[in-house]
Amino acid sequence: MFGDNAVIDIGINDQQNLPENGDSSNATAIKHLRNFSRRMCASVSSASRFSMLPRFESSNDARYDNFKTWSGKLERQISNFRGNPIELNTISDSQETEAESLPALDRYLDALEGPELDTLRASEKLVLPEDKTWPFLLRFPISSFGMCLGVGSQAMLWKALALSPTMSFMNISLTINLVLWCIAIGVFSLVASLYLLKVIFYFEAVKREYYHPVRINFFFAPWIACLFFAIGLPPHVGKNIPQIAWYVLMAPILSLDLKIYGQWMLGGERKLSKVANPSNHLAVVGNFVGSLLGASLGLKEGPIFFFAVGLAHYSVLFVTLYQRLPTNETLTKELHPVFFLFIAAPSVACTAWAKISGEFGIGARIPYFIAMFLYSSLAVRVNFFRGFRFSLAWWAYTFPMAGAAIATIRYAEQVNNLNSKALALTLSIISTFIVSILLIYTILHAFVFKSLFPNDIAIAISHKKSKSKTKLQRSTSIDLESCESPVKPAQ
Amino acid sequence: MFGDNAVIDIGINDQQNLPENGDSSNATAIKHLRNFSRRMCASVSSASRFSMLPRFESSNDARYDNFKTWSGKLERQISNFRGNPIELNTISDSQETEAESLPALDRYLDALEGPELDTLRASEKLVLPEDKTWPFLLRFPISSFGMCLGVGSQAMLWKALALSPTMSFMNISLTINLVLWCIAIGVFSLVASLYLLKVIFYFEAVKREYYHPVRINFFFAPWIACLFFAIGLPPHVGKNIPQIAWYVLMAPILSLDLKIYGQWMLGGERKLSKVANPSNHLAVVGNFVGSLLGASLGLKEGPIFFFAVGLAHYSVLFVTLYQRLPTNETLTKELHPVFFLFIAAPSVACTAWAKISGEFGIGARIPYFIAMFLYSSLAVRVNFFRGFRFSLAWWAYTFPMAGAAIATIRYAEQVNNLNSKALALTLSIISTFIVSILLIYTILHAFVFKSLFPNDIAIAISHKKSKSKTKLQRSTSIDLESCESPVKPAQ
Amino acid sequence: MFGDNAVIDIGINDQQNLPENGDSSNATAIKHLRNFSRRMCASVSSASRFSMLPRFESSNDARYDNFKTWSGKLERQISNFRGNPIELNTISDSQETEAESLPALDRYLDALEGPELDTLRASEKLVLPEDKTWPFLLRFPISSFGMCLGVGSQAMLWKALALSPTMSFMNISLTINLVLWCIAIGVFSLVASLYLLKVIFYFEAVKREYYHPVRINFFFAPWIACLFFAIGLPPHVGKNIPQIAWYVLMAPILSLDLKIYGQWMLGGERKLSKVANPSNHLAVVGNFVGSLLGASLGLKEGPIFFFAVGLAHYSVLFVTLYQRLPTNETLTKELHPVFFLFIAAPSVACTAWAKISGEFGIGARIPYFIAMFLYSSLAVRVNFFRGFRFSLAWWAYTFPMAGAAIATIRYAEQVNNLNSKALALTLSIISTFIVSILLIYTILHAFVFKSLFPNDIAIAISHKKSKSKTKLQRSTSIDLESCESPVKPAQ
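Protein chains in written order, with my numbering: chain A, 8 to 498; chain B, 8 to 498; chain C, 8 to 498.
Right, dumping it as structure tokens:
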């Protein structure tokens, strides 16, 4: 559905091609994932074909052009290169449009609703056709990296279960870690490749995700996933990653930190009192994960640096989220799976601190118990977590549970009694159980409902209020509007 | 006034029966309190009589029915049992009313004012008669448990003074601790019994207290008081409580934590940015007190758990209260005795941390000095703490002073010099002095002004705006309204 | 410009007297500063002359009278003493005016704009003549003490560079420390004397600065500067200040803490959610500087006290500033040099904690790395720090850089490698470079643009809305306006 068909899928409507592997939907998920990655390699190798596909499709609907890289400039350059020159004034035109095409933050808040800001309000119109299925890459969101977080954290968890002396009574094989790790790497390669294609062909769409107040936090996900892979590295594969790799992995996280925390503190419309949302935890937890990995590699100063940065901004975020300021317009009123991200930062912070300080002392127990309290707080309200539309982003909300389970294993190593071991076991089971459930959901949505990648309306909002169209000047506004919000005035 | 007469008092107007011990108002307070508890035992033993009293009174004024348990269902069942069957449709009627009878949070904020939200705004009407004295139990607020906190913390303070090697130069006898502890236990038994009766007979009123944004914090008070009794346990009575008792005592605190912190973070109208108020400190300080007791009993993990939970939520609360967000509608503008609760959490946290870490090190001194600074900050503004109507809740605001005095005694044990000893002594004297003043006030209000338990209007607000009545349909609304908001339409 | 001419300058318009040392503007700044202080001594010794000057000027423009101490009462008393009695009813009149003359906080926020609230909004009028240059003392703001902070911190920095074993490879002489320290003391004496004169002669103006929501924080500056001098004390001058001096220096800081933090928490219109502004860091950093000095002098409890107070309030401030609440009306939207104050508190806190705990451990590194991250966060946005009107207050924004450099030197002592040494060196160079730039700016503004002390309009706002003036009755308002509250009585 999203691996093998991708080649054909991009730019072509889903309805037109039934997946040839529709019959194989009963096969095991792991096998599927392997297939995906294998076929993906093929599809990547034939990447040259992609470059033409968007052009083919663009003849169908010019509206997708606005989301293409340089509004299709690259594509036109390739066309030029192949001997089909196009007029220059078209390019300058499209550049003008492109400058307009990024909606302001307030537009996102006005036009979208829901905990992940991915549902269109009734009064709003899209700049892309609502009734058709868009090109695959336009429907492939950054939150797909959540899957890598989910599977990657499972790899870490099963490594911890296998290696922890406290849990040795369970005789868990390291092979599970290896298998999960390979799957995680496979999923990551697939997702990263697809998203890279999106960056190449639909850079405007990527920019619109980057400006989305919730989505931006998912830009941390690929780097956090890599950190997970390094921490969950199976002993079969290697003992440890080289220290230099840590610096390479932390560079993008530091850059994003500087960018996003700066926006919170210094910047106009993206200030924290406006955008605070549980998904911001993704923007903080990377520091702690990096700190944990660094300390595991034997580094000293770097881990403390990221721990300190994480601590300062986590405190700010924790207070802000707890306060539920009325100005936090992106913060949903109802409980939603995204709230499980609350557990992530203290869980990882506790493990990181234990590594940094060399023991699971009081300093590590304080974040640990905070995580446990928050976990309980959500667990007793588990009935409220229903009735939400499934989304791929949910995968990202499972890694905090794995984090809590790992922290409990570390805790049980220090406080070795029946209770702590039972807790470690229970949390591990819950975490793996939830991931399994999610896997089933994902497979169902992919192969049965065929709705794993619905139209990503979050990136297709118009950058002007649609209200004006209801006014009298409707007729005059048509030609002006047609360039960028090409929707019919007829309502 | 509230012990011996309670039996008769419930359901009957105060004005009608002068207390027979009105002449004994000069007797010592301690003797009184003993009398109260002794007589209370008698009154509790005759509890069967209570069950009838509300019924007698209900014939006087049907409006009280709405506050009775299951709107008087229990009472009717008893009547039924005795052979006086009542028709079923009345019950279903009253259940409908009862469903309506819990006002939303906004109603509390709209209808009430003052630092403890216990004064009715001019524009509002009550659902109970304003000109009559209500049944005693309806006038008996949960904040009465504040008295137990006040006396219980004195017992702890005098135990610390008697046992601390630093203060041994004062030769304070442990008997004071014993006497205070017994009084505290007595007061607690009395208050708890009366409140239990309220729970039994006026469960709707209890629910209305539970939904009151300030009162809800006082639901922590009974459990904190029990923790105080365990910490202040006189060596004559026993060396220590068994560890199992700690778990029993902490269970309700943990439940309330989960409930109330969840409301702050996750919940709609009770979010922290709306309800933050110094009385929330009661909801936090229980964790530290429990932590202190647990550490004293030799427990390890439990105390750190509650310390961590307390720390996280205290940080959030401290920042929120300091910010004085304009949305904090329950936060009074003027200084009020409730502000002394600011001292409670850091004082107790410092003692708890000293116990957990085994020494009064820097980690304990930081909260200690924060408490001292806040104390000074309030002390230099002592002139502003005047002109407020006395309320029983003030007792709760004295325990932070005892907490600060105890923390100073611990500090003086570590930093043993003249200054620290003088400070410990001064704070102890201030604390006991304030409690004595409050005792005098309480006695005056009980026996002289006969206003210790005024009508508790905070629980009797109507759940609809009284504005609508000013409209045209006034005449038609009369009959509909008369059942639960029995106010005149003529304004 | 502001030293030698001050004697003549006070009360006389600048335009009328060209500075006789206008030709010497190429001379070194240090020489100038020495001249200033030398001449200042002379001018102070001839202080008796000052007492008359305001009187001379007052005949020119009666509006300045409102800003004089007791509205010129002292001056009149002196006149009386000299045998020129004045009628009493004038005094009582002026007292009435004076009671009115302090604008409410909201007036400051309504009438002023800009990051330092020192620019008049278009709609507003001043109570002092806008077209004339006011008396020098009225134009001499409290933020001039920023200069002492800037130079004083340089003295500390060069002492650290000279004495640190890690930086010994640079062979920096202690003489630089001595020279800078002497300059700092000189500048301080000059500024303090002038401000003292302002306190004496224009107490109303000082009060207006004290009520200004940004300026009030600069009232901490003189005391912090003194702490800097004590820390940066050249070994040539003395080994250490006596411990008693610490208590003397900390007394005013503690008083201001109690006053200002109390306003944040307890007070009506000056609550933190309204006035939070990066300049509040000045109100917090004094605690850490005092803590550092105290620990250096071998004190134990005092430093921890101030560290704790600073920590608690810094946390609150940090969260509040990061949140950028929409109610923070004094918080500018754009980046401004004042944001460098963000680095101050964690830098100094880290050095202080290292002194208190006796080693540069994890506890010191956490604030250190937070400071470094904030520094980077501002450094990468350095392009935004342009286009602001120069003001003397900028000097205050340089000391955080010196603080960060000193913290890095301490860090390099612990983590002695090439990176840390290079960082220490770089930060020291940046810090000194910025101060040099600022010195050039100051000299340019003093001698070339002659605009070092422009009219301080922040203190001259009217205390009533001037809106009414835009209306029709403008012509009638002229004569009434001239005094100080230019609003129509007929409305």
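For each residue, glycine too, the CB sits at the ideal point set by N, CA and C.
Given the structure is predicted, the values throughout are model-derived calculations rather than measurements.
If I follow the unbroken alpha helix (DSSP H) through residue i, where does it start and stop?
i	result
H320 (chain B)	308–330
V389 (chain C)	Taken as a continuous stretch (DSSP letters only), V389 (chain C) belongs to no alpha helix (DSSP H), as it is neither H nor E.
G269 (chain A)	250–273
R114 (chain A)	112–118
K139 (chain C)	No alpha helix (DSSP H) holds K139 (chain C); DSSP gives it neither H nor E.
N294 (chain B)	288–303
Y218 (chain B)	210–218
M154 (chain B)	152–170
L348 (chain C)	348–364
V282 (chain B)	279–282
A228 (chain B)	228–238
Taking its Cβ as the centre, do 16 or more other Cβ atoms sit within 10 Å of residue i, making it buried, or is it exposed?
i	result
L168 (chain A)	buried
S150 (chain A)	buried
Y329 (chain C)	buried
P249 (chain A)	exposed
H243 (chain B)	exposed
L156 (chain B)	buried
A6 (chain A)	Since the first and last residues shown for chain A are 8 and 498, residue 6 (chain A) lies out of range.
P172 (chain B)	exposed
I215 (chain A)	With the sequence shown as reference, residue 215 (chain A) is identified as Arg, and Ile is not the correct amino acid for it. R215 (chain A) should be labelled buried.
E211 (chain A)	buried
V389 (chain C)	exposed
Since residue i and residue j are thought to touch, with beta carbons under 8 Å apart, how far apart are those beta carbons, to the nearest angstrom?
i	j	result
I373 (chain C)	M163 (chain C)	Not a contact, Cβ separation roughly 22 Å.
N294 (chain C)	I260 (chain C)	7 Å
R128 (chain A)	E137 (chain A)	Contact flag wrong, Cβ pair sits at about 13 Å.
S286 (chain B)	V198 (chain B)	Not confirmed; about 18 Å, so no contact.
Y268 (chain A)	H320 (chain A)	6 Å
S398 (chain A)	D125 (chain A)	7 Å
Can you tell me whether residue i is helix, strand or coil according to DSSP?
i	result
T5 (chain C)	As displayed, chain C neither begins before 8 nor continues past 498, which places residue 5 (chain C) out of reach and without an answer.
E131 (chain B)	coil
E341 (chain B)	coil
L124 (chain A)	coil
N184 (chain A)	helix
L430 (chain C)	helix
I369 (chain A)	helix
L459 (chain C)	coil
I179 (chain A)	coil
E64 (chain B)	The predicted model places E64 (chain B) with a pLDDT of 44, which falls under 50 and marks its position as unreliable; any figure quoted below should be read in that light. Of the three classes helix, strand and coil, the one that applies to E64 (chain B) here is helix, per DSSP.
Is the beta carbon of residue i within less than 7 Å of some heavy atom of the ligand NAD?
i	result
D125 (chain C)	As for the ligand NAD, it is missing from this structure, which has no ligand bound.
What are the residues of the segment 264–279 of chain B that lie near chain A, defined by any Cβ-Cβ distance shorter than 7 Å?
-> Those would be L265, Y268, G269, W271, M272, L273, G275, K278, L279, in chain order.
Compile a chain-ordered list of the residues in the segment 368–388 of chain A whose CB is closer than 8 Å to at least one CB of chain B.
-> Answer in chain order: I369, R372, I373, P374, Y375, F376, I377, M379, F380, S383, S384, V387, R388.
According to a CB-to-CB cut-off of less than 8 Å, which residues of the segment 313–337 of chain A neighbour chain B?
-> When C-beta distances to chain B are compared with 8 Å, the residues of the segment 313–337 of chain A below that value are S322, F325, V326, L328, Y329, Q330, R331, L332, P333, in chain order.
For the segment 341–367 of chain B, which residues have a beta carbon sitting closer than 8 Å to at least one beta carbon of chain A?
-> Only I363, S364 from the segment 341–367 of chain B bring a Cβ to less than 8 Å from some Cβ of chain A.
Can you give me, in chain order, the residues of the segment 220–244 of chain A that have a beta carbon less than 7 Å from any beta carbon in chain C?
-> Hits within the stretch: zero.
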